[in-house]
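Each residue of the sequence shown is one higher than the one before, starting from 1 at the first, in the UniProt record's numbering.
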Amino acid sequence: MPLFQRLSQRFWDYVSPRKTQARRDKPFKAKVTPLSTKPTPRKHGRKPVRSSLGRSMSPDTRIDNWQLGTPPLIQRSSNPGERLMLTPATSRTADLQTPGLDFEGDTLIDDLGSPSVHQDSTLNVNDETIVVTEKRYEGFKQKTFDRESVLEKHAEQARSMRAEGWTEDAIELVQKFQMRGFEPLMPKSWELDFSTLPSELFTANNEEAFIKSVVGKDFRATKALNALIGLGPRVRDALETKNPFRPPEQVILRALESYLKWSYDDGGLSFATIPILVLEAGSSEMSTEEIGKNMLAKLGNLRDYYADAFRIHSSVESADGSQSFEPPSEAFSHELPTLYGIVMASTLMAFVAYDCYTPEPELHMMGMFNYKQSDYDVWNSLAAAILVVHCRNKTMELKNDMTSMAELGSAMFTADDPDA
Numbered sequence: 001m002p003l004f005q006r007l008s009q010r011f012w013d014y015v016s017p018r019k020t021q022a023r024r025d026k027p028f029k030a031k032v033t034p035l036s037t038k039p040t041p042r043k044h045g046r047k048p049v050r051s052s053l054g055r056s057m058s059p060d061t062r063i064d065n066w067q068l069g070t071p072p073l074i075q076r077s078s079n080p081g082e083r084l085m086l087t088p089a090t091s092r093t094a095d096l097q098t099p100g101l102d103f104e105g106d107t108l109i110d111d112l113g114s115p116s117v118h119q120d121s122t123l124n125v126n127d128e129t130i131v132v133t134e135k136r137y138e139g140f141k142q143k144t145f146d147r148e149s150v151l152e153k154h155a156e157q158a159r160s161m162r163a164e165g166w167t168e169d170a171i172e173l174v175q176k177f178q179m180r181g182f183e184p185l186m187p188k189s190w191e192l193d194f195s196t197l198p199s200e201l202f203t204a205n206n207e208e209a210f211i212k213s214v215v216g217k218d219f220r221a222t223k224a225l226n227a228l229i230g231l232g233p234r235v236r237d238a239l240e241t242k243n244p245f246r247p248p249e250q251v252i253l254r255a256l257e258s259y260l261k262w263s264y265d266d267g268g269l270s271f272a273t274i275p276i277l278v279l280e281a282g283s284s285e286m287s288t289e290e291i292g293k294n295m296l297a298k299l300g301n302l303r304d305y306y307a308d309a310f311r312i313h314s315s316v317e318s319a320d321g322s323q324s325f326e327p328p329s330e331a332f333s334h335e336l337p338t339l340y341g342i343v344m345a346s347t348l349m350a351f352v353a354y355d356c357y358t359p360e361p362e363l364h365m366m367g368m369f370n371y372k373q374s375d376y377d378v379w380n381s382l383a384a385a386i387l388v389v390h391c392r393n394k395t396m397e398l399k400n401d402m403t404s405m406a407e408l409g410s411a412m413f414t415a416d417d418p419d420a
């Protein structure tokens with residue numbers, strides 16, 4: 001028995017070397033480095049960090065000593081050669097202007113190749129847009145918005161614009177831009193998807209809503225509009241990072257193309273349909289005259305397409321029975337639409353209108369919107385949404401008219417053909 005007891009004791013001593021008091025009293029072979037009680041030296045003017053031994057473990061004391069603050073989004077490196085990742089929150093000490101372009105006072109794309117651009121110095125689609133804090137918005141709107149005076153101002157403005165050669169469609173659209181923020185634009189059911197927008201932008205009457213899905217696909221419509229409203233930070237990020245493969249105007253172009261694609265899908269339109277809205281993004285190497293000429297050429301080509309689609313072709317039968325055709329007439333079976341364009345350069349976006357009936361082609365500057373001004377991000381994107389939705393609605397009307405005329409012509413041909 002003693003033999004088995006000794007074997008058992010040795011086995012347990014081997015398995016648990018700290019079991020006996022004698023073993024516990026033996027020192028560790030590796031000495032533990034004692035925690036320093038000295039305060040950490042100051043760096044960059046910050047307060048010294050207290051050692052964990054000097055802190056109280058009481059929850060109340062720990063909470064009272066919390067340092068509440070927002071850390072910087074990036075850490076400045078002391079090594080001048082180290083590369084820093086830039087974000088929109090980075091200090092704006094770098095030059096934000098694209099070489100050769102002037103952003104101050106929204107003067108970019110001022111001329112767009114003058115004299116082919118017509119501008120009215122009194123026209124400003126941002127006249128009615130005033131940025132105020134969220135808390136003041138409700139009371140501000142009630143105090144400053146007088147519908148009667150606004151209607152009188154719009155009537156006077158419309159008379160002036162007609163005298164300068166603006167079309168009725170373009171006048172209506174310009175005044176729609178000016179009223180954003182003062183009248184409902186979206187259905188009430190969208191309010192939860194845009195909880196940060198003022199409630200006055202939503203209406204329970206779906207007929208009054210301007211920005212909406214015509215087929216009831218609200219999820220896709222709100223998703224597309226949300227992406228467009230969030231465009232501003234992405235544009236400013238592209239401006240600061242100065243990525244040659246992702247300039248600000250290309251960011252705006254892709255966002256507008258995406259929203260334009262939604263509008264076509266929602267309206268049942270294909271890209272084979274003749275559009276009334278074209279986009280033109282100018283690079284920093286292009287002059288404003290080049291950008292304007294490119295836009296003028298695109299809109300001129302569209303005008304020719306619509307003229308051919310709606311032109312009345314007259315034919316005269318000669319004595320020998322052969323048909324002789326007269327030169328193309330300027331009589332059209334349908335009124336030619338007003339065409340629109342969006343020009344982008346750096347953070348700026350300009351809307352232009354083109355009248356198909358003017359002898360000398362020219363662009364009417366409708367408005368200019370700058371995504372460098374973060375306070376106007378929502379209003380700038382809403383203006384773009386208004387233009388795209390307006391063009392979708394007009395294109396749908398033109399498509400229906402073209403289909404009706406084609407069906408009417410086919411029916412008339414069948415009725416006149418005895419062999420049919």
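For glycine and all other residues, C-beta sits at the position ideal for the given N, C-alpha and C.
- Between the alpha carbons of D218 and K212 lies a distance of about 7 Å.
- Residue pairing by DSSP places M349 opposite M344 and F369 in a beta bridge.
- Fewer than three beta-carbon pairs drawn from the segment 256-271 and the segment 350-362 are found closer than 8 Å, and the two stretches are therefore not classed as touching.
- In this structure, L225 lies away from L256, with their beta-carbon atoms at least 8 Å apart.
- Per DSSP, V150 lies in no beta strand (DSSP E) segment; the continuous alpha helix (DSSP H) that holds it begins and ends at R147 to A163.
- E200: not part of any alpha helix (DSSP H); DSSP gives it neither H nor E.
- In this structure the segment 173-188 lies against the segment 196-216, because at least three pairs of beta carbons, one per stretch, are closer than 8 Å.
- The three-state secondary structure of H390, taken from DSSP, is helix.
- Runs of the alpha helix (DSSP H) spanning 4 or more residues and lying entirely within the segment 202-239 occur at 218-229, in chain order.
- Secondary structure note for E168: its alpha helix (DSSP H) is the uninterrupted segment E168 to Q178.
- DSSP places L253 in the uninterrupted alpha helix (DSSP H) bounded by P248 to D266.
- Distance from the CA of P275 to the CA of Q373, rounded to the nearest whole angstrom, comes to 31 Å.
- F210 is a Cβ neighbour of V389, given a cutoff of 8 Å.
- Looking from the CA of V215, the closest CA among M396, A383, E335 and M295 belongs to M396.
- Spanning the alpha carbons of A155 and T347 requires a straight line of approximately 32 Å.
- Counting only residues of its own chain and dropping the five nearest sequence neighbours on each side, I312 has a CB closer than 7 Å to the CB of S329, A331, F332 and S333.
- Contact between G341 and K394 does not hold, since their C-beta atoms are separated by about 14 Å, which reaches or exceeds 8 Å.
- A direct Cα-to-Cα measurement between I386 and S284 gives close to 28 Å.
- Q157 and M179 have their C-alpha atoms some 14 Å from each other.
- Within the same chain, and ignoring the five residues on either side of D169 in sequence, the residues whose Cβ sits closer than 6 Å to its Cβ are T338.
- Cβ neighbours of D401 within its own chain (closer than 6 Å, five residues either side excluded): H334.
- Checking the DSSP bridge columns, you'll see H334 has no partner listed.
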